[in-house]
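Residue numbers (full-length UniProt numbering): 1 to 85.
What follows is a short report on a single structure.
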């Protein structure tokens, strides 16, 4: 991922670098929610935001080794810190 250049607007940066990754992850999250019937069940163990965080963490292009060592959201170091607070 690159940083915003002076000739590029924030919207251009988002469209080029953020949205393609985020939208794919959100689509996968919705498929998983549907698979677990979370879209029709009011109380469900599936948490879409946790699932999205897990996907984005493990598929971060700056850390390709994470694909080989997939971590559950509760094992992500920053998430553990947040849970302790």
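All residues carry an ideal CB built from backbone N, CA and C; glycine is no exception.
Looking at residue i: is its Cβ nearer than 7 Å to the Cβ of residue j?
i, j, result
"residue 13", "residue 4", "yes"
"residue 29", "residue 52", "yes"
"residue 60", "residue 70", "no"
"residue 46", "residue 33", "yes"
Could you pull the start and end residues of the alpha helix (DSSP H) that residue i belongs to?
i, result
"residue 17", "Run containing residue 17: none; DSSP gives neither H nor E here."
"residue 53", "48-58"
"residue 82", "77-84"
Just to confirm my understanding: we take residue i, look at its own chain, exclude 5 residues before and 5 after, and list those with CB closer than 7 Å. What are they?
i, result
"residue 67", "58 and 59"
Could you name the residues of the same chain whose beta carbon sits closer than 8 Å to that of residue i, not counting the 5 residues immediately before and after it, in chain order?
i, result
"residue 83", "74"
"residue 76", "53, 54 and 57"
Tell me which same chain residues have a C-beta within less than 6 Å of the C-beta of residue i, skipping the five on either side of it?
i, result
"residue 44", "38"
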